[in-house]
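Start counting the sequence shown at 31; every next residue gets the next number (the working numbering).
Glycine included, each C-beta is placed from N, C-alpha and C at the ideal position.
Data block below; observations after.
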Amino acid sequence: MEKKKDKKKDSQEEKRPSFGQVVLSTLAAAFGVQSSKNRERDFKGGSIKTYIAAGIIFTALFVLALVLVVKTVLGNMG
């Protein structure tokens, strides 16, 4: 009985997207492009918490990059 649980646990872990796959899926979501194969993988094996965290981090970095670009451009004008 424990072997069945171990196999089930291993198969669930194998289906989880890797860190790189989560990052790529987050970037694809930001640009609005995602293959159906990757979307299915994300919904079947991914944790909602992981994608929410990745989305928040990406959004914060994007806003920070925009602020830095605007400050740099405005700083060079004067």
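Which same chain residues, not among the five before or five after Ala58, have their C-beta less than 6 Å away from its C-beta?
For the purposes of this step, residue 58 is taken as the residue at position 28 of the sequence shown. Contacts found: Gln64.
Can you tell me the Cα-Cα spacing of Val53 and Val103, whole angstroms?
Here the question's residue 53 lines up with position 23 in the sequence shown. Here the question's residue 103 lines up with position 73 in the sequence shown. Their backbone Cα atoms lie some 29 Å apart in a straight line.
Could you give the distance in angstroms between the alpha-carbon of Phe92 and the alpha-carbon of Arg46?
Indexing the sequence shown from 1 puts residue 92 at position 62. Indexing the sequence shown from 1 puts residue 46 at position 16. Each residue's alpha carbon lies about 26 Å from the other.
State yes or no: is the C-beta of Asn68 within less than 8 Å of the C-beta of Ser55?
Taking the sequence shown and counting its residues from 1, the one referred to as residue 68 is at position 38. Taking the sequence shown and counting its residues from 1, the one referred to as residue 55 is at position 25. Contact: yes.
Measuring straight from C-alpha to C-alpha, what distance separates Gly62 and Met107?
Residue 62 sits at position 32 when you count from the first residue of the sequence shown. Residue 107 sits at position 77 when you count from the first residue of the sequence shown. Roughly 34 Å between the two C-alpha positions.
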